[in-house]
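Student: Take 0 as the starting number for the sequence shown in numbering that gives the first Met the number 0 and just add one per residue. Note that beta-carbon positions come from the ideal geometry of N, C-alpha and C, so glycine has one too.
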Amino acid sequence: MAMVIGGGVVLLGLFLLFGKLWGGAEPAFAMAAKLFVPAWLVVVLLASWWLNQTTQVFARWSR
0 MAMVIGGGVV
10 LLGLFLLFGK
20 LWGGAEPAFA
30 MAAKLFVPAW
40 LVVVLLASWW
50 LNQTTQVFAR
60 WSR
């Protein structure tokens with residue numbers, strides 16, 4: 000749980016950094032935050048799917 004939250008904070012920081020770098024004279028923090036939410040959702044869904052797959056594999060091996 001802490002790794003997901005920590006990863007989300009790091010990912011948000013990267014998006015805000017790119018929003019500042021690509022925003023020109025006025026940083027595009029709002030656009031960066033709007034793009035962060037779907038990106039974070041995709042990362043969390045992929046991580047959950049991967050965890051589910053690996054858990055099922057280990058459960059089959061332990062029988």
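(1) Taking the alpha-carbon positions, what's the residue 3 to residue 10 distance?
(2) Output the boundary residues of the alpha helix (DSSP H) element that contains residue 1.
(3) Which value, in whole angstroms, describes the spacing of the CA atoms of residue 35 and residue 47?
(4) Can you tell me which of the three DSSP states residue 46 falls into?
(5) Out of curiosity, what's the CA-to-CA distance linking residue 54 and residue 13?
Tutor: The answer reads as follows:
(1) Rounded to whole angstroms, residue 3 to residue 10 spans 10 angstroms at the Cα level.
(2) Residue 1 -> alpha helix (DSSP H) spans 1-21.
(3) Straight through space, the alpha carbons of residue 47 and residue 35 are spaced by roughly 18 angstroms.
(4) Helix, per DSSP.
(5) Using only the alpha carbons, I get a separation of about 30 angstroms.
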